[in-house]
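Reading through the structure tokens given below for one structure.
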Amino acid sequence: MFLSTSAEHITLPRGLTTRLAGRATLLLAMGWLVVGMSAVAPAQVTVQTLIGRAVTDDSHATEINSAITRFRDRDVDGCRAMLERVHADDPKVPPPGVMMATLWLSVKQAAAARAELDQTVTKFPEDPEPYLVLGDLAFQDRMVTDASVLFDRAEELSAKFTSNAKRKRDFDIRCYAGKAAVHEARGQWDAALAEIRKWVEIDPDSASARQRLGSALFQLEKPDEALTAFGEAHDLDSKLPRKEMLLARLYDQAKKTDKARELVEAAVKAAPDDAVVRLGAANWFLTHGDTVAARENGDKAIDLDPKNLEARIVNGTIARVARDFESASKFFGEAHAQSPRNFVASDSLALSLAELPEKENIQRALEIAETNVAMVKDNQQLQIASLTTLSWVLYKLGRMADAEKILAQVSQNNSLTADGAYYIAQILSDKGEKEQAQRLLEQLMTNDPIFANRAAAEELQAALKAEAEASAK
Numbered sequence: 045m046f047l048s049t050s051a052e053h054i055t056l057p058r059g060l061t062t063r064l065a066g067r068a069t070l071l072l073a074m075g076w077l078v079v080g081m082s083a084v085a086p087a088q089v090t091v092q093t094l095i096g097r098a099v100t101d102d103s104h105a106t107e108i109n110s111a112i113t114r115f116r117d118r119d120v121d122g123c124r125a126m127l128e129r130v131h132a133d134d135p136k137v138p139p140p141g142v143m144m145a146t147l148w149l150s151v152k153q154a155a156a157a158r159a160e161l162d163q164t165v166t167k168f169p170e171d172p173e174p175y176l177v178l179g180d181l182a183f184q185d186r187m188v189t190d191a192s193v194l195f196d197r198a199e200e201l202s203a204k205f206t207s208n209a210k211r212k213r214d215f216d217i218r219c220y221a222g223k224a225a226v227h228e229a230r231g232q233w234d235a236a237l238a239e240i241r242k243w244v245e246i247d248p249d250s251a252s253a254r255q256r257l258g259s260a261l262f263q264l265e266k267p268d269e270a271l272t273a274f275g276e277a278h279d280l281d282s283k284l285p286r287k288e289m290l291l292a293r294l295y296d297q298a299k300k301t302d303k304a305r306e307l308v309e310a311a312v313k314a315a316p317d318d319a320v321v322r323l324g325a326a327n328w329f330l331t332h333g334d335t336v337a338a339r340e341n342g343d344k345a346i347d348l349d350p351k352n353l354e355a356r357i358v359n360g361t362i363a364r365v366a367r368d369f370e371s372a373s374k375f376f377g378e379a380h381a382q383s384p385r386n387f388v389a390s391d392s393l394a395l396s397l398a399e400l401p402e403k404e405n406i407q408r409a410l411e412i413a414e415t416n417v418a419m420v421k422d423n424q425q426l427q428i429a430s431l432t433t434l435s436w437v438l439y440k441l442g443r444m445a446d447a448e449k450i451l452a453q454v455s456q457n458n459s460l461t462a463d464g465a466y467y468i469a470q471i472l473s474d475k476g477e478k479e480q481a482q483r484l485l486e487q488l489m490t491n492d493p494i495f496a497n498r499a500a501a502e503e504l505q506a507a508l509k510a511e512a513e514a515s516a517k
């Protein structure tokens, strides 16, 4: 995806506010083009997760698996006792508190994880890993200064660490990666590059390191070297986008769209029969409003890989933006059948069905939308999208008051998408509040986001303008 992270704000009438994340709004408004975004359980922890960076043999597999099972059964004390026995038998494995922190993080309990790590710092003062994990957590919370201090401390301890060469190598890699991330966040690209080069030297087979190297080189105005680094990253991990696509993403972020387009077209020319490249190109053209090129590449992608879930979702999204709701429903229906718990597929299917004229299709859309709201109730981001979809389906069924109530609830949290803003404008217009609807649409269009209902919003804006001009005569 070639999606900016910059955010713009729109002030809605009567206190309603919405945040439109530039082209990133596409993630919400046009089907969340991230196929893996399903309503899934927390990350699964394995023996490899807990001790794979410390030891290579599986002599502790039985005990570690038993500890994981106890944790899942909420026997936290029993889990901890078992991990403590493993560490007592083999000090080369990570401290028990580090392993416990990993388990807590797998169920999204960051506070409990931090408590384990704080205790580990006291019990194992010479071990760098608690500082590394705390540094990662601080960075995720955008506490860059805290992360910097923690990574520096981890590096100091790693320099003195001699009890396990495998763990020390892992510490060094994580120190370089963490310190590079801090410098990147601060825009200190020379310093970031220096850390990344150390990372590449110690871990030359890391595709992530090569990709980060390319990004740093680009920021230092060395695009040719960046392209080479991206090519090396792709060679190491073929699941990564081609080098041209990675560089195009950076040019996009730098608002050099023409250069980005050249690179996307170069990627297609270099690998015309690569479904992944075609999907990447389709996404890029779609986010830049070129539905013709998007459809061309999307069609080719699905020809190359007819059962590809992402290809179905991308083609459905292209059809939806083009207001071909029959085709959109077909693609999203196939995707939903292939992956029933995939939120992208089900949410987009509901929105497409709601635009079809037959009432049974809208009723089915309601069933899907209501199921989605329940399915993602613990995921705030997906909950916002599911509620927005539900509101529009209710509107299409003539239940305007219910739709308006949900949209007001979503907007109070400053979370309304561009599509949600359009829905409010449509409701305002239907209620006779034409001027407020016009103001909202003007603000929406001024920000110029690409969103699924943009064409419909433009039509509504034109109709309201014509009506206002006629009334003024």
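If you're matching positions, the sequence shown starts at 45 in this note's numbering and goes up one per residue. The beta-carbon is built from N, C-alpha and C at its ideal position, and this holds for glycine as well.
Which of the three DSSP states, helix, strand or coil, is assigned to residue i?
i           : result
residue 532 : This structure does not reach residue 532, given that the chain is present from 45 up to 517, and the question cannot be answered.
residue 294 : helix
residue 386 : strand
residue 75  : Note that residue 75 scores 37 on pLDDT, short of 50, meaning its location in the model is unreliable; the coordinates nonetheless yield the value given after this. Three-state result, residue 75: coil.
residue 460 : strand
residue 400 : coil
residue 391 : helix
residue 83  : With a pLDDT of 37 at residue 83, under the threshold of 50, the modelled position of this residue cannot be trusted; read the value that follows with caution. Residue 83: coil per DSSP, three-state reduction.
residue 352 : coil
residue 265 : coil
residue 482 : helix
residue 90  : coil
residue 473 : helix
residue 118 : coil
residue 208 : coil
residue 497 : coil
residue 53  : In this prediction, residue 53 has a pLDDT of 34, which is less than 50 and means its spatial position is unreliable; nothing more can be read from the coordinates.
residue 232 : coil
residue 286 : coil
Just to confirm before moving on: does the CB-CB distance between residue i and residue j stay below 7 Å?
i           : j           : result
residue 497 : residue 463 : yes
residue 284 : residue 251 : yes
residue 246 : residue 224 : no
residue 429 : residue 412 : no
residue 321 : residue 337 : no
Report the residue from the options whose alpha carbon sits nearest the alpha carbon of residue i.
i           : options               : result
residue 314 : 466, 501, 199 and 286 : 286
residue 271 : 282, 289 and 203      : 289
residue 474 : 178, 495, 490 and 440 : 440
residue 98  : 211, 150, 118 and 356 : 211
residue 354 : 380, 454 and 242      : 380
residue 265 : 131, 118, 234 and 414 : 234
residue 237 : 218, 258 and 248      : 258
residue 218 : 413, 459 and 253      : 253
residue 481 : 494, 495, 466 and 491 : 466
residue 229 : 105, 517, 145 and 260 : 260
residue 323 : 434, 341 and 337      : 341
residue 388 : 407, 363 and 416      : 416
Rounded to a whole number of angstroms, what is the C-alpha to C-alpha distance between residue i and residue j?
i           : j           : result
residue 122 : residue 138 : 18 Å
residue 399 : residue 444 : 16 Å
residue 421 : residue 88  : 20 Å
residue 82  : residue 425 : Residue confidence is low: residue 82 scores 37 on pLDDT, short of 50, so the model does not pin down where it sits. Its coordinate-derived value is still stated next. Taking the straight line joining both Cα atoms gives about 12 Å.
residue 200 : residue 279 : 34 Å
residue 451 : residue 410 : 16 Å
residue 396 : residue 335 : 17 Å
residue 293 : residue 488 : 25 Å
residue 269 : residue 103 : 44 Å
residue 185 : residue 179 : 10 Å
residue 167 : residue 216 : 22 Å
residue 501 : residue 469 : 8 Å
residue 365 : residue 277 : 33 Å
residue 504 : residue 511 : 10 Å
residue 360 : residue 386 : 14 Å
residue 357 : residue 304 : 23 Å
residue 143 : residue 299 : 43 Å
residue 328 : residue 244 : 30 Å
residue 125 : residue 181 : 25 Å
residue 267 : residue 248 : 21 Å
residue 231 : residue 330 : 30 Å
residue 392 : residue 90  : 34 Å
residue 162 : residue 297 : 38 Å
residue 92  : residue 363 : 43 Å
Should residue i be listed as close to the ligand GTP, given that the test is whether its C-beta is under 6 Å from any heavy atom?
i           : result
residue 301 : Absent from the structure shown: the ligand GTP. Ligands present: none.
Closer than 7 Å, CB to CB, is residue i near chain C or not?
i           : result
residue 243 : Given the protein chain composition of this structure (a single chain), no chain C is represented.
Kindly confirm or deny that the segment 147-164 and the segment 186-202 touch, where touching means at least three C-beta pairs closer than 8 Å.
Cβ pair count under 8 Å is below three, so no.
Please confirm if the segment 390-406 is in contact with the segment 366-379, defined as three or more CB-CB distances below 8 Å between the two stretches.
yes
Are the segment 160-175 and the segment 199-214 touching by the rule of at least three beta carbon pairs closer than 8 Å?
yes
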